[in-house]
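One structure is given here, and the rest of the page talks about it.
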Amino acid sequence: MLKRFMNKIQTFLVRQIDQIIEKRLQLAIQDLKDLGIRIIKEKIDVKDFQEWMEEYGEIVKYYDGHNNVKIEKILEHYLVCKCLGIKKGDVYIDIAACYSPFSKILSKRGVDGYEQDLIYKAGINEHKIGGDASLLPVPNNFADVLSLQCAFECFQSDSDIGFIKESWRVLKKGGVLGIVPLYVGKKYFVKAGPKANKKNIKIEKEVKWIWRVDKNLQASFSRHYSPTALKSRVIDYLTEGGMKVEILFFTNLDELMKIYNNQRIYCHFMLRAVKQ
Ligand SMILES: C[S@@+](CC[C@H](N)C(=O)[O-])C[C@H]1O[C@@H](n2cnc3c(N)ncnc32)[C@H](O)[C@@H]1O
Numbered sequence: 003m004l005k006r007f008m009n010k011i012q013t014f015l016v017r018q019i020d021q022i023i024e025k026r027l028q029l030a031i032q033d034l035k036d037l038g039i040r041i042i043k044e045k046i047d048v049k050d051f052q053e054w055m056e057e058y059g060e061i062v063k064y065y066d067g068h069n070n071v072k073i074e075k076i077l078e079h080y081l082v083c084k085c086l087g088i089k090k091g092d093v094y095i096d097i098a099a100c101y102s103p104f105s106k107i108l109s110k111r112g113v114d115g116y117e118q119d120l121i122y123k124a125g126i127n128e129h130k131i132g133g134d135a136s137l138l139p140v141p142n143n144f145a146d147v148l149s150l151q152c153a154f155e156c157f158q159s160d161s162d163i164g165f166i167k168e169s170w171r172v173l174k175k176g177g178v179l180g181i182v183p184l185y186v187g188k189k190y191f192v193k194a195g196p197k198a199n200k201k202n203i204k205i206e207k208e209v210k211w212i213w214r215v216d217k218n219l220q221a222s223f224s225r226h227y228s229p230t231a232l233k234s235r236v237i238d239y240l241t242e243g244g245m246k247v248e249i250l251f252f253t254n255l256d257e258l259m260k261i262y263n264n265q266r267i268y269c270h271f272m273l274r275a276v277k278q
C-alpha cells in the first residue's frame, strides 16, 4: 500500500519536473527566435542511434564507466557524426577532448583526426594539440570539422569568445563547427561546486553564480547562457565572421530516457555553424 503510494508520488513529481523543463525549453526557444536566431527541430532516429552504437563499439566501451550519463555521452558523439557530416578524408579536431578516444576512433575510419586540450603539452605533438582553444597553433583554413562534446561550458574567462573567433580562422570554407550540449536557458549563470576553488575561477563580475553543494558535481565550472548572452558572446562573432549559424533542438530525448531507464539525457540543444 505504502509502496504504491510512494510510486504514485514519484510518478507525479517526475511528470511535474518534465513539465517545468519543457516549459523552460519552450521559453528559451521563443527568446532565441525573438532574437532572430535560427532554430531547427530535429527528431533523433533511435534505431539509427542504436545501429551506430554497434558500429562504434569502442566509444560505447569507453563511456561504460560513466554511470547514469553513459548514453548522454555516446549520444553527443553520435549527433556530432550525423549533424556535422564527418566523412573520410576530413581534417577533424575534437576541441577540449580531455581523455576521449573519439578522434582516434574516427581516424581508424579514414578521418584525419586530431584532439586538443589545455591539459596536453603545448604545441602540436603528432595528433595531439596542446594549449588554450582560443589560440590554436594550426594554420588558417586547416580543418573541415571542429566539435566540442561536453566541453564549451568549461571555458572560463573570455576563452569562449576567443575560441569562437579562432574557429572561423581555423575552418576551411564550407567547414563546420558543432557544440553539444549547448546550455541555453532563461538566465545567464555559472554553476560550480565543492570541486571548484572560487578564487581561481575567472568570469565576468556581473555573472550570476549557482554554488551547488553536491560532492558528486564533476565539472568545477559550467557556463549556461541566456539567449542574449549566447547572442552577444557566441552568435554575433560567428555571423560577423561570415558563418551561418543554427541551433538544433532535439525533440525526443524523453523517448530515449524511456528506453534507457535511469539515464540522464540532456543534450536538448546543439550549435552548428558553417563557414560560408
Ligand atoms: C568535461 S572535459 C571534456 C570531455 C570530453 N570532450 C569528452 O567528451 O569526454 C572539459 C575539458 O575542457 C578543457 N578545457 C577547459 N578550458 C579550455 C580551453 N580554454 N581550451 C582548451 N581546453 C579547455 C579541460 O581541460 C577539460 O579537459
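Quick note on the working numbering: the sequence shown kicks off at 3 and runs consecutively. Just so you know, even glycine gets a beta-carbon here, dropped at the ideal spot from N, CA and C.
Consider the C-beta atom of residue i and the heavy atoms of ligand 1; say whether any pair is separated by less than 6 Å.
i, result
"residue 222", "no"
"residue 138", "no"
"residue 156", "yes"
"residue 131", "no"
"residue 169", "no"
"residue 145", "no"
"residue 161", "yes"
"residue 119", "yes"
"residue 102", "yes"
"residue 33", "no"
"residue 269", "no"
Measure how close the beta-carbons of residue i and residue j come, nearest whole angstrom, since I'm counting them as under 8 Å.
i, j, result
"residue 170", "residue 245", "6 Å"
"residue 191", "residue 209", "7 Å"
"residue 140", "residue 88", "That pair is no contact at about 18 Å."
"residue 100", "residue 121", "7 Å"
"residue 212", "residue 193", "5 Å"
So, using beta-carbon positions, are residue i and residue j closer together than 7 Å?
i, j, result
"residue 187", "residue 226", "yes"
"residue 41", "residue 35", "yes"
"residue 241", "residue 45", "no"
"residue 97", "residue 184", "no"
"residue 62", "residue 73", "no"
"residue 70", "residue 274", "no"
"residue 86", "residue 178", "yes"
"residue 228", "residue 189", "yes"
"residue 172", "residue 138", "yes"
"residue 271", "residue 43", "no"
"residue 180", "residue 82", "yes"
"residue 158", "residue 204", "yes"
"residue 90", "residue 112", "yes"
In this structure, does DSSP put residue i in helix, strand or coil?
i, result
"residue 44", "strand"
"residue 223", "coil"
"residue 259", "helix"
"residue 7", "helix"
"residue 26", "helix"
"residue 49", "helix"
"residue 278", "coil"
"residue 34", "helix"
"residue 67", "helix"
"residue 231", "helix"
"residue 163", "helix"
"residue 207", "coil"
"residue 236", "helix"
"residue 101", "coil"
"residue 281", "Shown here, the chain extends from 3 to 278; a query on residue 281 therefore has no answer."
"residue 92", "coil"
"residue 59", "helix"
"residue 77", "helix"
"residue 172", "helix"
"residue 184", "coil"
"residue 147", "strand"
Of the choices the options, whose alpha-carbon is the least far from that of residue i?
i, options, result
"residue 38", "255, 165, 232 and 15", "232"
"residue 268", "24, 18, 12 and 8", "24"
"residue 118", "132, 3 and 107", "132"
"residue 115", "102, 93 and 136", "93"
"residue 277", "143, 181 and 155", "143"
"residue 153", "182, 80, 21 and 264", "182"
"residue 165", "201, 203, 104 and 95", "95"
"residue 161", "135, 176, 243 and 104", "135"
"residue 51", "60, 28, 67 and 80", "80"
"residue 247", "202, 176, 201 and 155", "176"
"residue 264", "123, 104, 18 and 68", "68"
"residue 256", "9, 47 and 31", "47"
Determine whether the Cβ of residue i lies closer than 7 Å to any Cβ atom of chain B.
i, result
"residue 143", "As a matter of chain content, chain B is missing from the structure shown, which is built from one protein chain."
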